[in-house]
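Residue numbers (the numbering used here), protein chains in the order written: chain A, 204 to 646; chain B, 558 to 883.
Idealized CB from N, CA, C, for every residue including glycine.
For clarity, every value in this text was computed on a predicted model and none was experimentally measured.
For reference, the structure is listed below as structure tokens.
This is the structure in structure tokens:
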């Protein structure tokens, strides 16, 4: 008996021939010419004219609302229920993707029109890319856009001044602090200069608490402190954009001065801070073991859920002399609402945005999620939102870290600050970051 | 439908006295098989489902990656430019982030391959017998494998947390405060701590492969070696090690590929994006996609594939050489 039948079907030559055909196919595919259109068929040029203001007629149909905030789902469900009551026959489905996947996966679907008749975008690189890809319907003519604070709505405009999106949430990306611990340390007023801030840290440390809980092990949140540290040090409000464009460098004096100030904070952050994530620090802050948490107002709600009872307020380190301080804090207007230019239900989507923009609905969202909003007329009943409401009118700077459109470049600059707080010399950290910055500028 | 397996066999009358079929003897291997030797056409249908899956989920994405790799497509815009080999040139000459990720990945891979292979082999040698305690311990060591990477990352994030974490707490409790560390925040050692997590995660899986390999070794080989006066080390060196070569080849190849694709574990432990000290090739490629550089990230993916292929080939050669000389 033989086993010849096992080897008679494909011989070596046939296999090689098959491989050659596959290789030729790959080569041919690689030679495909440029200019292929993929995904949605609308380009930026197709947004030349802004649709007329939406009327008051009721709308119907099934809408998709794409966003990344799973934690807001219940509040949105309630709002959507009210929208459906006001517009019989209309339904809104929430298509939620985790924020990490939102850029890579969900946006492709939005672009193709599969989801996201109404959708959201992060401020910064994502909004810029989406605007460039022509995903947004021009909202310039919509009257509901007038409900937004002009200063905040600016973040939803493109370079031509068209109102493509409406930033909905307003967060303060600056440290929050335990008012009780400050009072126990004999501090009734937040410091107005750098020496005052260091003195505050020293007093808090003397009382046995961690002055500044900083999540150095979590780059996304470690970078929030960067906003406050550069806000008054930078020579212009566009310095971060200037670093990206090549007009400024990480090795410039003002940035080196900022890094040296980071080095001065080393004794005042928790031990081994470069390895600490934000969750344990929230616990540390909620239990009164840390006086400041260097993240932002978005952590006030989670802190309350951990059982914190003490009053919370916002504080930004003023890195210059009091007379030279241009800003007292940082804000960011994000969760940019938009209508999909590829959607066939634009009228209903516009009506949904109109609905979200009414003060009553916005108040439900704000108090339900613990977020300030960029709209006028919102009534804050949440304890922390009410306490920090005065910050809405203070002179705060739009978070400079989001001026970086290149995420690798931003990471390099912020990582220099992290490394300095971890012990590296400011000059060395700046030079290492500058090398990456120079490479990224070329890309 | 009858598929008649004998139809593909050589008939006795086709075999000459040398035992070879006439066509082989005459050097006519390319001649079309006679009708009776030809496989039934229906047999070609059987691989179709697997082939379709392979084409859709592997071949086509690979071809697409090759297409994107020579463009500057950002992932959004309707148009893109053909940039030739410029993406590959940049990767090779002017991308410190990619180079850093490559070195991190190689360090990670070396630690994981060496320690995971050795530890799994040691565990398998001690637990090869099918006693009740061995089976129980095998289950215990295998348990982490069934967890998801995200769960493992959460567990070890707790272990490595410098302030509330298990590792520093235990070190402090036994008076080894000097060994307390920032762990993942220590740039020079962070990647090794992630490697330790990876070994913990997968060592049980590799142990099972080794146990299967060890149980295939005939007992007579050990008996005859013992009769010749071999020591325990000599038994391992000259019997066990060469006889588990196939298992070792599988373990090393699999561990290598795992090391290059430890994406979810890194993101779970180091956040997204991870710090440069934790960046490996897969997370770097993902950062490229997230940074709207689809063309460039596709080029990085192609390089990534070749790096894995090269490292796996080198390792297989090394294992063959080491076990051939045993």
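Beta bridge counterpart(s) of residue 270 of chain A as assigned by DSSP: A:299
Reducing DSSP to helix, strand and coil, say where residue 511 of chain A ends up. coil
Is it the case that the Cβ atoms of residue 551 of chain A and residue 266 of chain A are separated by a distance below 9 Å? yes
Determine which residues of the segment 648-659 of chain B have a Cβ less than 7 Å from any Cβ of chain A, and write them out in chain order. 651, 652, 653 and 654
Residues from the segment 589-620 of chain A in contact with chain B, defined by Cβ distance under 7 Å: 609, 610, 611, 614 and 618
Same chain only: Cβ atoms within 7 Å of residue 406 of chain A, ignoring 5 sequence neighbours per side: 388, 389 and 390
DSSP puts residue 495 of chain A in a beta bridge; with which residues? A:380 and A:415
I'd like to know whether the C-beta atoms of residue 644 of chain A and residue 601 of chain A end up nearer to each other than 9 Å. no
Here's the rule: buried if 16 or more other CB atoms are within 10 angstroms of the residue's CB, otherwise exposed. What is residue 204 of chain A? Bear in mind that a pLDDT of 37 at residue 204 of chain A, under 50, signals an unreliable position, so the number given afterwards is only what the model happens to contain. That one is exposed.
Determine which residues of the segment 833-866 of chain B have a Cβ less than 8 Å from any Cβ of chain A, and write them out in chain order. 833, 843, 844, 846, 847, 848, 849, 850 and 853
Please check if any C-beta of chain A sits within less than 9 Å of the C-beta of residue 550 of chain B. Shown here, chain B extends from 558 to 883; a query on residue 550 of chain B therefore has no answer.
Spatial neighbours of residue 499 of chain B within its chain, please: C-beta separation below 7 Å, excluding the five flanking residues on both sides. There is no way to answer for residue 499 of chain B, as the model of chain B reaches only from 558 to 883.
Quick one: using the 10 Å Cβ neighbour count with 16 as the cut-off for buried, is residue 457 of chain A buried or exposed? exposed
Residue 370 of chain A - partner residues in DSSP beta bridges: A:539
Chain B partners of residue 378 of chain A, CB-CB under 9 Å? Within chain B, no residue comes near residue 378 of chain A; the closest Cβ sits about 18 Å away, beyond 9 Å.
What do you reckon, are the CB atoms on residue 525 of chain A and residue 380 of chain A nearer than 9 Å? no
Whose CA, out of B:711, B:708 and B:684, lies closest to the CA of residue 698 of chain B? B:684
List, in chain order, every chain B residue whose beta-carbon is nearer than 7 Å to that of residue 332 of chain A. 631, 633 and 849
So, is the C-beta of residue 470 of chain A closer than 9 Å to a C-beta in chain B? no
If you draw a straight line from the alpha carbon of residue 443 of chain A to that of residue 618 of chain B, how long is it in whole angstroms? 37 Å
Nonlocal neighbours in the same chain, by C-beta distance under 7 Å from residue 503 of chain A, ignoring five residues either side: 379, 515, 573 and 587
Listed by chain order, chain B residues near residue 579 of chain A by CB distance under 8 Å: Simply none; closest approach about 33 Å.
On the DSSP bridge assignment, give the partners of residue 551 of chain A in chain order. Residue 551 of chain A pairs with nothing; no bridge assigned.
Any chain A beta carbon closer than 9 Å to residue 749 of chain B: no
For the alpha helix (DSSP H) containing residue 649 of chain B, list its first residue and its last residue. 643-650
In three-state terms, what does DSSP make of residue 564 of chain A? helix
Best match in A:497, A:542, A:575 and A:454 for proximity to residue 535 of chain A [C-alpha to C-alpha]: A:575
Measure the CB-CB distance between residue 325 of chain A and residue 351 of chain A and report whether it falls below 9 Å. no
Below 9 Å between beta carbons: does that hold for residue 489 of chain A and residue 620 of chain A? no
Is it right to say residue 703 of chain B is buried, meaning 16 or more other beta carbons lie within 10 angstroms of its own, or is it exposed? exposed
I'd like the span of the beta strand (DSSP E) that includes residue 323 of chain A, first residue to last. 321-324
With 16 other Cβ atoms within 10 Å as the buried cut-off, status of residue 842 of chain B: buried
Alpha carbons only, please: which of A:593, A:569 and A:597 is nearest the one belonging to residue 585 of chain A? A:569
Residue 852 of chain B (DSSP reduced to helix, strand or coil): helix
Return the bridge partner residues of residue 351 of chain A from the DSSP annotation. A:578
Coarse secondary structure for residue 608 of chain B, derived from DSSP in three states: helix
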